[in-house]
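Here the numbering used here is used: the first residue of the sequence shown is 5, the next is one more, and so on.
Using N, Cα and C, we set each Cβ at its ideal position, and we do this for glycine too.
Note sheet for the following structure.
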Amino acid sequence: MGEFLQNMYVWLWAALAILMIIVGIKYRHEHQGLLAVLMALFFIFMTVWYGLRTFAGYPMFEGTLNIVFRCILGGFLIVLGLIYWFTRKRK
5 MGEFLQNMYV
15 WLWAALAILM
25 IIVGIKYRHE
35 HQGLLAVLMA
45 LFFIFMTVWY
55 GLRTFAGYPM
65 FEGTLNIVFR
75 CILGGFLIVL
85 GLIYWFTRKR
95 K
């Protein structure tokens, strides 16, 4: 059961990345397009990270790699939050 869920995470992140790319293309001249593209990059990162763990067997959530993962995750969260905040503030 655990292996099935790991595979599902990879496909979930990939599906979300494709969805955000489509949204980014649709709204490419608006702020929503920028947010969608950044979210697509985040979901691509998550797909690769979980894919390395699931299919290659690398320990991606242990030791130094876990710290790197959390720093990248926090950076994405801060950047997306700031863009969202500045967009709402201008309206």
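Spatially closest choice to residue i from the options, by CA coordinates
{"i": "V154", "options": "F80, L56, K95, G6", "result": "The structure shown does not extend to residue 154, since the chain is modelled only from 5 through 95, so no value can be given for it."}
{"i": "I87", "options": "L39, L20, F49, T68", "result": "L39"}
{"i": "K95", "options": "E34, N11, I22", "result": "E34"}
{"i": "M50", "options": "G28, W15, K93, G67", "result": "W15"}
{"i": "L77", "options": "G6, M24, G37, L45", "result": "L45"}
{"i": "Y13", "options": "L56, Q36, L69, K30", "result": "L56"}
{"i": "A19", "options": "Y31, L84, V52", "result": "V52"}
Cβ-based burial, residue i [other Cβ within 10 Å; buried from 16]
{"i": "F8", "result": "exposed"}
{"i": "F90", "result": "exposed"}
{"i": "M43", "result": "buried"}
{"i": "Y54", "result": "buried"}
{"i": "G28", "result": "buried"}
Residue i vs residue j beta-carbon contact at 7 Å
{"i": "A21", "j": "F59", "result": "no"}
Counting only runs of 4+ residues fully inside the region 19 to 84, write out the alpha helix (DSSP H) ranges in chain order. The region 19 to 84 contains these whole alpha helix (DSSP H) runs: 35 to 55.
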